[in-house]
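Shown next, in structure tokens, is the structure this report addresses.
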Amino acid sequence: MEKNQQFQVKITDYSSEGLGIGKTEGQFVWFIKDTVIGDEVIAAATKVKKHYGFARLVKLVTPSPARETPACPIARQCGGCQLQQMRYPAQLHFKQEKVYNNLLRIGEVPQALLDEVFQLIVGMESPFRYRNKAQYPIRRDKSGKIIAGFYAGRTHDVIACDDCLLGVEENKAILEAIVTWMEDYSIDPYDEKSGEGLVRHVLCRKGFRSGQHMVCLVINGTSLPHQEALVEKLCGHGGQTGAAAELRSVDSADTVENGENASDGRAAYVDRAAKDSGECPHVDSLSFSVNMENTNVIMGTKIVHLYGPGYIEDSIGEVRFRISPLSFYQVNPVQTEEMYGAALEFADLQGTENVWDLYCGIGTISLFLSQKAKQVYGVEIIPEAIEDARQNAALNGITNAEFYVGAAEEVLPAWYEVHQDERIDVICVDPPRKGCDEKALNTIVQMAPEKLVYVSCDSATLARDVKYLRAAGYELRHVCPVDNFPETVHVETVVLMSRVSNEPRADRA
Ligand code: SAH
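Going by this note's numbering, the sequence shown wraps up at 607, each residue one higher than the last.
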């Protein structure tokens with residue numbers, strides 16, 4: 099096959115980047131953008147390698163029954179949502195199959211066992227408007243107009259779009275207010291080529307439970323001209339920090355009550371999302387971040403607060419979190435609650451357990467579990483995240499969670515060496531895509547907890563680790579995929595494994 103040559107193929111799978119996959123002559127694998135599983139297409143080769151190639155969609159011969167018109171007008175150019183042409187039930191089916199097949203093939207889990215422990219994927223009621231965080235680049239378009247938008251897939255061209263359908267509706271009004279302020283005061287957007295201009299990005303965050311909004315302008319400078327006018331516009335006050343903001347800060351009782359009184363947690367979220375009026379909401383925390391580097395990194399490290407206490411609050415389950423512009427925080431709070439709810443259910447804590455939470459981030463899972471455990475230990479490699487974890491523990495009056503900075507594969511073995519006699523009942527892991535380091539897995543096996551809860555964002559590495567753990571005396575008990583990122587190819591999975599032997603570990607008897 100040569101470049102530009104056309105051929106007909108049926109799409110049967112997706113790559114991890116969301117390209118449709120079809121095979122010709124049984125063997126040769128084609129990656130074809132903008133196709134959906136079930137499509138019969140004519141495609142033209144764009145790049146041909148020995149065993150695989152890339153092609154572009156020329157014509158849909160028979161569209162897949164799973165196809166639908168993307169809700170977002172720029173879905174195809176933006177590339178942030180890889181699955182918008184696919185109906186939501188089909189997206190869920192695809193993700194569920196992906197997790198199942200990885201556990202079967204890579205994990206070598208016997209099919210009968212897998213069928214017994216595999217639960218239906220937890221999807222969302224509505225697959226849009228779930229993200230609590232959005233980062234919009236601000237640029238000038240060819241006609242000279244200031245626009246907020248998104249990078250066209252893998253390029254540095256910004257396509258105008260101030261209403262990403264994954265984000266909250268209020269972002270649009272916030273962006274409009276900022277662009278108007280820039281126009282009124284002749285403030286230039288950043289120009290990547292010349293390195294000139296001031297405003298690079300706008301970061302918007304919303305606490306879904308608290309209803310609070312945070313805005314942070316990323317600027318190519320160290321001060322913001324006409325900042326009082328911006329504060330007035332977004333925050334409706336003369337720029338005092340502190341007192342006014344404190345009044346609006348969420349009362350903890352209120353937050354918890356909202357969650358508990360609603361018939362279920364979801365109702366409280368949905369209700370708040372529906373309240374949007376199209377007007378610019380009151381912004382509870384306004385700041386700017388200095389980024390004068392010629393880099394792809396969005397946020398600068400220096401933050402200057404213009405209004406509010408420097409953070410907003412939100413809660414997952416009954417745990418409150420303080421979120422500042424640089425904090426890591428799960429982007430889909432509704433599904434995160436589902437995911438950590440499953441983790442908590444699987445751990446089945448009675449109040450007497452000692453628990454480790456590896457790769458703990460800002461301590462979300464640790465603090466969730468600490469309410470039902472005797473003692474929780476968390477470890478995370480990023481020091482700032484551990485600072486947040488400790489602060490969040492204090493904010494919630496949690497005293498039975500202790501946090502360590504470092505690599506899980508170093509901190510855990512070192513801890514175990516001096517605490518050989520301490521019983522660990524449950525170990526929870528939530529590693530990045532590459533999965534757990536073998537040294538960490540090895541130490542986990544030596545520590546011999548009764549239960550292992552594995553939260554995974556990549557089912558291929560999950561399957562690899564499940565294989566290791568099954569060979570080392572753990573059995574798969576539950577597998578629960580959760581759709582944390584509808585419209586994208588990503589899927590999370592919560593797994594319970596437990597020790598097969600009921601006998602106490604020999605050296606502890
Ligand atoms: N459960 C966490 C998020 C986990 S994401 C939360 O909800 O906040 C995975 C985390 O693992 C990231 O925070 C990343 O910084 C951390 N990490 C990556 N490699 C690590 C390692 N070797 N040891 C410990 N933490 C690591």
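Where is the CB? At the ideal position from N, CA and C, for every residue including glycine.
Computed from a predicted model, the values in this text were never measured in an experiment.
With a cutoff of 8 Å on beta-carbon distance, Lys549 and Ser596 are scored as near each other.
In the DSSP annotation of this structure, Arg531 is not part of any alpha helix (DSSP H), being labelled neither H nor E. Each residue's CA atom was taken as its position, placing Ala164 and Leu158 some 13 Å apart. For Phe426, the three-state secondary structure derived from DSSP is coil. In this structure the region 470-479 does not touch the region 387-402; the number of beta carbon pairs closer than 8 Å is below three. Relative to the non-hydrogen atoms of the ligand SAH, the Cβ of Glu478 comes within a distance shorter than 7 Å of at least one. With a cut-off of 7 Å, the C-beta of Tyr457 is classified as near the ligand SAH, since at least one heavy atom of the ligand falls inside that distance. With a threshold of 16 other beta carbon atoms within 10 Å, Pro208 falls short and is exposed.
Leu201 sits away from Ala441, with the two beta carbons spaced by 8 Å or more. Checking the 7 Å criterion, the Cβ of Phe426 is within range of a heavy atom belonging to the ligand SAH. In this structure Thr462 is buried. Its beta-carbon is surrounded by 16 or more other beta-carbon atoms within 10 angstroms. DSSP lists no bridge partner for Tyr228.
As the crow flies, the alpha-carbon of Ser387 is around 10 Å from that of Arg298. Listed in chain order, the beta strand (DSSP E) runs fully inside the region 454-533 are 473-478, 499-503 and 524-527, counting runs of at least 3 residues. Ranked by how close their Cα comes to the Cα of Leu384, the residues Tyr427, Asp519 and Leu315 have Leu315 in first place. At a cut-off of 7 Å, the beta-carbon of Ile257 does not count as near the ligand SAH: no heavy atom of the ligand is closer than that. Taken atom to atom, the span from the alpha-carbon of Glu195 to that of Leu510 is near 34 Å. If you check the CB distance, Arg174 and Asp239 do not come in under 8 Å.
Between the region 523-531 and the region 495-505 there are fewer than three inter-stretch CB-CB distances shorter than 8 Å, so the stretches are not counted as touching.
Taking the Cα of Leu117 as reference, the smallest distance to any Cα among Leu155, Gly242 and Asn389 is reached at Leu155.
By the neighbour-count criterion, in which a residue is buried when 16 or more other Cβ atoms sit within 10 angstroms of its Cβ, Gln125 is exposed. Distances from the CB of Asp535 to the heavy atoms of the ligand SAH include at least one below 7 Å.
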